[in-house]
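In the numbering used here, the protein residues as written are 5 to 383.
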């Protein structure tokens, strides 16, 4: 068997092809059309919100969501240090300042106690906290049962970055539905894809209308092109929305496939001391990526040793997100840090988790890991 085994490749098949061809034949090839409207409605139903606005990336959705809750250029926004850079970049787009908070080492999600302390610290210095942006890491929701009261008490809007978590839930409530607005991503490596794309989901009709207006270059309803403020070219193509509609029909099956892979990894690593799966106990996760953490003192090897072994066999892995406070672009940023995210970055590795992986590919991965564990056991 040859060819790279990728971490999370797109899972595309005949259904998506049929939807895309039908959209092409309809003539709606612009960022408007019946598939776009139907996709927004279908995602809103899935997430359980009153509405949704589809845009061309999750990052664009984050930008519009922050604008929608009133974040301004003089504000600070609390962002997890363990996240993809887009979460912090969207804050910078507005001219606001991201302030980083560390994670719970057990889950990788934001440490709620630290958020509470950080809000109080920032306010004691006279800072205005424009928003709190938790991220649902690797397909598992943050602890909204604890976090939501913190936001309510502080009077700070919650913007849920659920880019990795469509199809997951927390206490039976779907990811994306927490707070004033949620953000989804349909990038090529996500649980479902529109090639590139994102979505705002919310019960706030005014916020969504504002996002839709800004996403279409803030064009006013006139026969000519009339603009009273700066807008953005952020709307999703009708063609890509058609792809998304087909993907959404298959979402539950794709989640089941990823869950099966995670369960198989759990069995494989169960006898290995010092190795655990991040959020393995979360039955409501969408299992977007399976991440293991490694304690070298207990198991005798490092996460990177396994990554190198798999790379030599053309099997892709990925380190856990490098914390934002370590990124040169955010050097010197303020935050409340414990070292938990840094340890996960050092000791964690994401393993091939995609629903499109074939049985021969998954067998190749598990054989390679078995081989590695055997070599390490023999010293």
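Glycine is no exception: its CB is placed at the ideal position from the N, C-alpha and C atoms.
In the structure shown, residue 249 falls within a helical segment according to DSSP collapsed to helix, strand and coil. Excluding its 5 nearest sequence neighbours in each direction, residue 230 has C-beta neighbours in its own chain below 8 Å: 223 and 224, listed in chain order. In this structure, the straight-line span from the alpha carbon of residue 177 to that of residue 147 is close to 12 Å. DSSP places residue 141 in the helix class (H, G or I) of the three-state scheme.
Within the stretch 233-317, the runs of alpha helix (DSSP H) at least 4 residues long that lie entirely inside it are, in chain order, 242-253, 255-273, 300-303 and 307-315.
In this structure, the beta-carbon distance from residue 340 to residue 118 falls below 8 Å.
Judged by DSSP secondary structure, residue 57 falls within the beta strand (DSSP E) whose first and last residues are 55-59. In the DSSP assignment, residue 22 falls within the unbroken alpha helix (DSSP H) covering 18-30. Per DSSP, the beta bridge partners of residue 352 are 297. With a cut-off of 8 Å on Cβ pairs, the stretch 128-141 is in contact with the stretch 98-115, counting three or more such pairs.
Excluding its 5 nearest sequence neighbours in each direction, residue 54 has C-beta neighbours in its own chain below 6 Å: 207, listed in chain order. In this structure, residue 190 sits away from residue 180, with a CB-CB distance that is not shorter than 8 Å. Secondary structure note for residue 81: it is in no alpha helix (DSSP H), and the uninterrupted beta strand (DSSP E) holding it is 80-84. Annotation: the stretch 148-212 contains the following complete segments of the beta strand (DSSP E) (minimum length 3 residues), in chain order: 163-165, 185-189 and 202-206. If you look at residue 89, you'll find it in the alpha helix (DSSP H) that goes 89-98. In terms of CA proximity to residue 358, 319 leads the group 20, 97 and 319. Residue 244 holds the alpha-carbon nearest to the alpha-carbon of residue 192 among 155, 244, 352 and 184. Between residue 262 and residue 170, the alpha-carbon positions lie close to 13 Å from each other. Residue 102: member of the beta strand (DSSP E) spanning 101-105, first to last residue.
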